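> Everything in the sequence shown is counted per the working numbering, starting at 37 for the first residue and increasing by one. Here a beta-carbon is modelled for each residue, glycine too, at the ideal position from N, C-alpha and C. These numbers were taken from a predicted model, which means no experiment stands behind them. Before I ask anything, let me first share the structure, which is written out below as structure tokens.
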Amino acid sequence: MDFGDVTLLALRVFREVAERGTLTAAATALGYTQSAVSRQIASLERVTRTPVLERRPGGVRLTAAGNVVLRRAVAVLDEIDAAGRELAGLPADAGTVRLGWFPSAGAVLVPRAVAELRRTHPAVTVVTREGTTPVLVRALRAGTIDLAVLGSAPPFRPPDAETPALRLETLAERTLCLAVPAGHPLAGAGPVDVADLRGQRWIAAPSAGEGTLMGVWPGLDERPEIAHTARDWLAKLNLVAAGCGLTTLPASLAEAVPPGVRVLAVRGGPAERRRVVLARLPGPVPEPAALLADVLRRVAAG
């Protein structure tokens, strides 16, 4: 048996597993049983004569052979899908770009970029999806999105250690700010001192894959009191507006806060910066993706 015997179904299932990170999640997304997904992966490994997945507690990771298969599978499946569109009477290049974005990018950056691209290039269709950094990086490598807008915090490491390395471009770098209720004692004019943040109640959520709390001012010299947990940034800000606690937010979101919230700078301690990063796989960029990337640059710079 050689690699020419691999089936398209096995490649599609493998790509879904690579993107979702677990056999269970891939089975759910495809509407298959987990055993059916396992059989397709087993058939692929029989053809390759080597494992393509490394089973780990909580998920799977691609082996070196798996990365090779995924890279080729993405190209093959994209060509098959393009052929299907052409046979259906559509152009091979349908003018579609698939964009992934981290949650707070959906407040200002992504809507403005999509609206601007619709105005300047109405023939280009943008399909978007929200996700955490690990989910979006897997989707990039699986070829199910073309571009990803990611958030990055110091020390600004690459989002994964796989090869080939992703192409990363910083769209914007902004300071981290503090959101407080309008009636809070800290809501007066001017920046607040970092020492004034001791003893405050916080609205936060665990950061995916890290031990830090998103929403708590970094580096506090105390165990923070978490009054409420929420992953959605708008939910956090509405809790702030209701007087339930404080949270952090990038300066780029200041114009999107709801009524009843004051956004303040914090002085003292190390400067806290956050980056908005555009990520993609290396290699040629399809024209629709290049057009969207250019619009994202302009909107982020503005």
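For residue 181, I'd like the list of residues in its chain whose CB is within less than 6 Å of its CB, leaving aside the five on either flank, ordered along the chain.
Hits under 6 Å: 134, 136 and 175.
> What are the boundary residues of the alpha helix (DSSP H) that includes residue 79?
Residue 79 -> alpha helix (DSSP H) spans 70-84.
> Quick one: using the 10 Å Cβ neighbour count with 16 as the cut-off for buried, is residue 258 buried or exposed?
It counts as exposed.
> Using a Cβ distance threshold of 8 Å, determine whether the region 45-59 contacts the region 69-76, with at least three qualifying pairs required.
The region 45-59 is in contact with the region 69-76.
> Restricting to Cα atoms, I'd like to know which of 218, 291 and 305 is closest to residue 143.
Among 218, 291 and 305, the Cα nearest to that of residue 143 is on 291.
> Could you round the C-beta distance between residue 179 and residue 268 to whole angstroms and report it? I think they count as a contact, below 8 Å.
28 Å between Cβ atoms; not a contact.
> Since residue 166 is in the beta strand (DSSP E), which residue starts that stretch and which ends it?
Counting along the chain, the beta strand (DSSP E) containing residue 166 begins and ends at 161-166.
> To the nearest angstrom, report how far apart residue 297 and residue 270 are at their CA atoms.
Using only the alpha carbons, I get a separation of about 11 Å.
> Which residues bound the beta strand (DSSP E) around residue 312?
Taken as a continuous stretch (DSSP letters only), the beta strand (DSSP E) holding residue 312 covers 309-316.
> Have a look at 237, 87, 222 and 212 and flag the residue whose alpha-carbon is nearest the alpha-carbon of residue 287.
Measuring from the Cα of residue 287, the nearest candidate turns out to be 212.
> Would the region 298-316 and the region 189-201 be scored as touching if the rule is three or more Cβ pairs under 8 Å?
A contact exists between the region 298-316 and the region 189-201.
> Exposed or buried, residue 318, counting other C-beta atoms within 10 Å across all chains shown (16 or more means buried)?
By the neighbour-count rule (16 or more Cβ atoms within 10 Å), residue 318 is not buried but exposed.
> With 16 other CB atoms within 10 Å as the buried threshold, where does residue 90 fall?
Residue 90 is exposed by the Cβ-count criterion.
> Could you tell me the boundaries of the beta strand (DSSP E) in which residue 180 lies?
Premise fails: residue 180 is in no beta strand (DSSP E) and is neither H nor E.
> Using only CA atoms, which one of 71, 177, 146 and 59 lies nearest to residue 108?
Per the Cα distances, 177.
> Go ahead and label residue 294 buried or exposed: buried means 16 or more other beta carbons lie within 10 angstroms of its beta carbon, across all protein chains shown.
Exposed.
> What three-state label does DSSP hand residue 112 in the structure shown?
Correct three-state label for residue 112: helix.
> Where does residue 211 fall in DSSP's three states?
Residue 211 falls in the strand class under three-state DSSP.
> Whose C-alpha, out of 157, 230, 57 and 335, is nearest the C-alpha of residue 95?
Considering only alpha carbons, the answer is 57.
> Between which two residues does the alpha helix (DSSP H) carrying residue 132 extend?
That residue, residue 132, is in no alpha helix (DSSP H); its beta strand (DSSP E) goes 132-137.
> How is the beta strand (DSSP E) around residue 265 delimited, first residue to last?
Where residue 265 is concerned, the enclosing beta strand (DSSP E) stretches over 261-265.
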